[in-house]
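In the working numbering, the protein residues as written are 3 to 132. All C-beta atoms, glycine included, are put in the ideal place defined by N, C-alpha and C. As the structure is a computational prediction, the values presented were derived from the model and not from experiment. A quick write-up on the structure given underneath.
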Amino acid sequence: MKYSKKNQRGFTLIELVMVIVILAVLGAVAIPIYVDLSGEANSAAEEGVVGGVRAGVATYFIDPARGNRTSYPSALGTATNAACSKTNACFATVLQQGGVTQGWTKTGALAYTGPNGGTYTFNTTTGAFS
């Protein structure tokens with residue numbers, strides 16, 4: 003018995019199940035990779051702010067407008083001990099764009115916590131932010 007082309011109309015159930023299984027396997031592999039990438043991106047963003055603050059401290063130290071070039075800032079900004087926001091910007095002294103307004107928290111006079119939980123302290127004698 004011969005089948006003509008007009009009798010073949012679509013996919014068999016086995017073909018559809020195989021496509022669903024392949025998509026499920028791809029999803030099971032891709033989702034953990036995506037979650038890992040977003041965590042790495044958040045860590046990189048925190049480290050980017052830290053690098054910016056360190057560069058701002060160095061710029062403050064060598065600023066010719068200040069004249070003496072012998073001291074680091076006494077504080078990284080005027081933020082109060084709380085979460086950074088538009089009205090409580092952290093690092094405004096050393097970051098000329100207005101400081102950081104999201105994700106960071108000022109926890110002490112010279113201590114900060116990043117969005118990923120990293121803790122950083124500014125040393126006014128050495129200019130270190132670590």
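Inter-residue Cα distance where the pair is residue i and residue j
{"i": "TYR62", "j": "GLY79", "result": "12 Å"}
{"i": "ALA94", "j": "VAL27", "result": "48 Å"}
{"i": "GLN104", "j": "VAL59", "result": "20 Å"}
{"i": "THR89", "j": "ALA81", "result": "8 Å"}
{"i": "VAL102", "j": "GLY29", "result": "36 Å"}
{"i": "GLY100", "j": "SER87", "result": "11 Å"}
{"i": "SER40", "j": "VAL51", "result": "17 Å"}
{"i": "ILE35", "j": "LEU15", "result": "31 Å"}
{"i": "TYR122", "j": "ALA67", "result": "28 Å"}
Residue i in three-state terms, based on DSSP
{"i": "VAL52", "result": "helix"}
{"i": "THR103", "result": "coil"}
{"i": "PHE63", "result": "helix"}
{"i": "ILE85", "result": "Looking at the sequence shown, residue 85 is not Ile but Ala. Looking at ALA85 - three-state DSSP - the assignment turns out to be strand."}
{"i": "ALA46", "result": "helix"}
{"i": "TYR114", "result": "strand"}
Identity of the residue in the options nearest residue i by Cα
{"i": "GLU49", "options": "LYS108, GLY116 and THR128", "result": "GLY116"}
{"i": "ILE85", "options": "GLY100, GLU17, LEU97 and TYR114", "result": "It is Ala, not Ile, that sits at residue 85 in the sequence shown. Considering only alpha carbons, the answer is TYR114."}
{"i": "SER132", "options": "ALA43, ALA47 and VAL55", "result": "VAL55"}
{"i": "SER45", "options": "ILE35, THR72 and GLY119", "result": "GLY119"}
{"i": "TYR74", "options": "PHE124, LEU15, ILE22 and GLY12", "result": "PHE124"}
Same chain, Cβ closer than 6 Å to residue i, five either side skipped, listed in chain order
{"i": "THR109", "result": "THR115"}
Beta-carbon proximity list for residue i, same chain, < 8 Å, skipping 5 on both sides
{"i": "SER76", "result": "THR126"}
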